[in-house]
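Numbering (the UniProt record's numbering), first residue to last: 1 to 333.
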Amino acid sequence: MISPLQPFLHLADAVIITDEEHYILAVNETYEKITGYSSHQIIGKKASVLRSTYTPEETYIHMKKALRSGSPWSGVFTNRRQTKQLWHSSITITPFTVEGATYFIGVFRELEQLDRGYYLDEYRVGRIQESLLKVLAISCEIRDPGIESHLLRVQQMTEMLVVRHNERLDLRLPPQNLSLITHSSILHDIGKSSIPEGILYKPGPLADYERTIIEMHTLIGVDIVDKIYAELDDELFENELSTAKNIILYHHERWDGLGYPHRLQGPRIPLEARIVSVVDVFDALTTKRPYKEKWDVKTAVQYLQEHKNKQFDPDIVDSFVSLYEDGTLAVSC
């Protein structure tokens, strides 16, 4: 190690020193702690050993262009630790010339440790937006002008209900969990995109085979989300997609075990699905459909109460009724 560069290794931030060809000459203890690589494992390797496919190629192009010109460069990398776990860093790389040779000093901080929460770089935001747009495009195959309003109402009421239920029963669910349930609820009927309109909006009673086709929408919906997750290939969003899948698959299960598709009973049904089940039925009852007239809110609430311990989790119904009784529900209706 060139002695004039040695002091950089005493910085509190992670430090990596490479030669002009980007071979690693030295790292400090913070670097070892963050990456999981010890000095003897990493020295002599290319700095690209941490590289992942999640950092846009343009980032590397801009970095190389700046460093070749002798200028410092700052940016964001999404790399992999020795354990293959993803992590993000804000890094500044500065060229130094010592005794005619060029060295690069990289100083970085792990963005996950900042108080602002999760960091999403522009590339990953773009990938998320792309996947969500695919969901929107699929949803648009449901040619019902009221579907968007229904989805938004379900999402709004889910937010109110999950917050009230959490407070009323002192479940102590963290805010992140509440947001996950709220945001995922809008996808509950995504599987209906593949149901023929003649069955989906049939004004009269459904034949047995038609009802079987309708009930397939929960399984179809999960398949759609699985395909999106496969394209996203991002473990940091596994919780979000897991919550969405629980809602999609289980929101037609019943508390008494007579629902579909798996006839789950009672608390075996995921909480998020039990919550969306109540909200979804309430909105369906209070909205005009091709096969039914609109119910008034009071009658719909009475229906929920009459079907406690049968179709619905009784505690969740009680939380929903409390929203109605104190006037909070009126904001959404």
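Here a beta-carbon is modelled for each residue, glycine too, at the ideal position from N, C-alpha and C.
8 Å contact criterion, which residue i and residue j should meet: CB distance rounded
| i | j | result |
| --- | --- | --- |
| I91 | G70 | Rounded, the Cβ-Cβ distance is 18 Å, inconsistent with contact. |
| H88 | T78 | 5 Å |
| P95 | L50 | The pair is not a contact, with the Cβ atoms about 20 Å apart (cut-off 8 Å). |
| R109 | D13 | 6 Å |
| I272 | I181 | According to the sequence displayed, residue 272 carries Glu and not Ile. With 8 Å as the limit, E272 and I181 qualify as a contact, their Cβ atoms being about 4 Å apart. |
| V276 | T158 | 6 Å |
Cβ-Cβ distance between residue i and residue j below 9 Å
| i | j | result |
| --- | --- | --- |
| A244 | S194 | no |
| residue 407 | L9 | This structure gives no information on residue 407, because the portion of the chain shown stretches from 1 to 333. |
| D313 | W255 | yes |
| I316 | R263 | no |
| D283 | H150 | yes |
| T83 | G36 | yes |
| I105 | M63 | no |
| R168 | D318 | yes |
| G259 | Q311 | yes |
| V163 | L178 | yes |
Proximal residues to residue i (C-beta, below 6 Å), its chain only, five neighbours per side dropped
| i | result |
| --- | --- |
| F320 | L161 and V278 |
| P270 | N246 and Y250 |
| I220 | G191 and S194 |
| L329 | L323 |
| A137 | In this prediction, A137 scores a pLDDT of 43, lower than 50, which makes its location untrustworthy; the coordinate-derived value is nonetheless stated afterwards. Closer than 6 Å at the Cβ level, and outside the excluded window around A137, lies no residue. |
| V107 | D13, V15 and T92 |
| Q265 | G257 |
| E253 | G259, L264 and I269 |
Same chain, Cβ closer than 7 Å to residue i, five either side skipped, listed in chain order
| i | result |
| --- | --- |
| K294 | T286, T287 and K288 |
| D19 | L25 and Y103 |
| I248 | L187, H188, I190, G191, T218, G221, V222 and V225 |
| Q129 | Because Q129 carries a pLDDT of 48, less than 50, the predicted location of this residue cannot be relied on, and no value is offered for it. |
| D280 | V154, H188 and H251 |
| V27 | V15, I16, S39 and I42 |
| K46 | H22 and Y23 |
| R116 | Residue confidence is low: R116 scores 49 on pLDDT, short of 50, so the model does not pin down where it sits. Its coordinate-derived value is still stated next. Same-chain partners within the cutoff: there are none. |
| Y229 | L241 |
Own chain, CB closer than 8 Å to residue i, minus 5 neighbours either side, in chain order
| i | result |
| --- | --- |
| I199 | L206, E210, I213 and I214 |
| N309 | W255 and D256 |
| P72 | A66, T92, I93, T94 and P95 |
For this session: Taking 8 Å as the threshold, find out whether the segment 54-62 comes into contact with the segment 23-33 through three or more Cβ pairs.
Result: no
Exercise. What runs of the alpha helix (DSSP H), each 4 residues or longer, lie entirely inside the segment 192-232?
Worked result: 197-200, 208-215 and 217-232
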